[in-house]
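A.B. asks: Residue numbers (the UniProt record's numbering): 1 to 353. Where a beta carbon is used, it is the ideal one built from N, C-alpha and C, also for glycine.
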């Protein structure tokens, strides 16, 4: 395996090696920089485990900025990269796309579907996929009238649109949608959704593990009985703080099967002596995918046609495939909240129909 990175000045690899550039916000402050380092480690782990000497991994820092991403992408093209992996943030992905579109494919990690397009593919966990899966399962279990109580932020906006479309497609009925400011569950919206929720089959909640218990507590205070109607959620529920809240016990949520991540995390800990961030699997899968495609064709380039294989690919978090518009479809499981963690109710599919 060649050493990670290209060395000073982006020195070329040996003849026959394909250059793969990974752009991450390594020098960004706070959680972003820490996540980027974990993703870099995961990418290097993938290359080591794949043992493909025909790939050289070149990691570049965009500092979490659009300007940094654009500069890194230009350098990657000048150095002959056959594909760009990353960046992590939507604004950086958009800047990279301006440089790379039509030249080499980009496999990025943003969760903002607005930056996706043909040639600019997102390997991230998209909230739309979670919503589709949990609504489909709920309807299959006879839950046809659904209310939603969502944070008033960009994530809440995405899942609201996806929720309305998914319920309509599956023949269900949206009884109410209310929004609340992150960090608070104002009494007005709480009362309004509580009144309708008690006359619905299910209540969809899409917030993180630090906020969700407070939201449910406010709903209980307004008369919602979580044991009388079915609570539904997204992959954000895959959190110990959710599993330890009695009010959320029995709730259903969609997420990747956790078995793959547990195995990956164990190997990561052995190599690096610490736990990976949850998104580290995205970098691992991106490198493993590109290495496998290059090996299958004996080197050369990565094309849109290769990435748009309708059969998809198997990764750490299960099967996935890219759509023509650059978004992805994932095979997700449906899990039930228990004090011991997520209990699988409906297994993730292993293939795409």
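1. Between which residues of its own chain and residue 193 is the CB-CB distance below 7 Å, once the five residues before and five after are set aside?
2. For residue 270, count neighbouring C-beta atoms within 10 Å of its own C-beta (all shown protein chains included) and say buried if the count is 16 or more, exposed if not.
3. List the DSSP bridge partners of residue 178.
4. Going straight from the alpha carbon of residue 154 to that of residue 298, what length do you get?
5. Among 103, 317, 228 and 82, whose alpha-carbon lies nearest the alpha-carbon of residue 261?
6. Can you check DSSP and say which residues form a bridge with residue 122?
7. Can you give me the Cβ contacts of residue 158 inside the same chain, cut-off strictly under 6 Å, excluding the 5 residues immediately before and after it?
8. Going by the DSSP bridge assignment, what does residue 333 pair with across the sheet?
9. If you draw a straight line from the alpha carbon of residue 195 to that of residue 136, how long is it in whole angstroms?
10. What span of residues does the beta strand (DSSP E) with residue 231 cover, start to end?
11. Rounding to the nearest angstrom, what Cα-Cα distance links residue 252 and residue 72 in this structure?
12. Restricting to Cα atoms, I'd like to know which of 242, 220 and 188 is closest to residue 343.
13. Between the C-alpha atoms of residue 353 and residue 329, what's the straight-line distance to the nearest angstrom?
14. DSSP on residue 309, reduced to helix/strand/coil?
15. Please identify the residue among 348, 338 and 331 whose C-alpha is closest to the C-alpha of residue 124.
16. Where does residue 199 fall in DSSP's three states?
17. Counting only runs that start and end within the region 23-68, where is the beta strand (DSSP E) found for 3 or more residues in a row?
18. So which of 166, 164, 221 and 51 has the shortest CA-CA distance to residue 356?
19. Pull up the DSSP beta-bridge partners for residue 328, would you.
20. Does the Cβ of residue 114 have 16 or more other Cβ atoms within 10 Å, making it buried, or fewer, making it exposed?
21. Pair every Cβ in the region 221-240 with every Cβ in the region 204-211, then say whether three or more of these pairs are closer than 8 Å.
22. Just checking my contact of residue 59 with residue 19 at CB under 8 Å: how many whole Å lie between their CB atoms?
23. Run through the DSSP bridge pairs and tell me what residue 78 is partnered with.
24. What residue does the beta strand (DSSP E) around residue 135 start on, and which one ends it?
25. Could you give the distance in angstroms between the alpha-carbon of residue 334 and the alpha-carbon of residue 169?
26. Quick check on DSSP: helix, strand or coil for residue 85?
27. Can you tell me whether residue 292 is buried or exposed? The criterion is at least 16 other CB atoms within 10 Å of its CB, across all chains shown.
C.D. replies: So, to answer that:
1. 147, 149, 176 and 178
2. exposed
3. 149
4. 43 Å
5. 317
6. 108
7. 127
8. 255
9. 25 Å
10. 230-233
11. 41 Å
12. 242
13. 12 Å
14. coil
15. 331
16. coil
17. 55-61
18. Outside the displayed span of the chain (1 to 353) sits residue 356, for which this structure offers no information.
19. 322
20. exposed
21. yes
22. About 12 Å; that fails the 8 Å criterion.
23. Answer is none; residue 78 lacks a bridge partner.
24. Per DSSP, residue 135 belongs to no beta strand (DSSP E); it is in the alpha helix (DSSP H), 127-140.
25. 19 Å
26. strand
27. exposed
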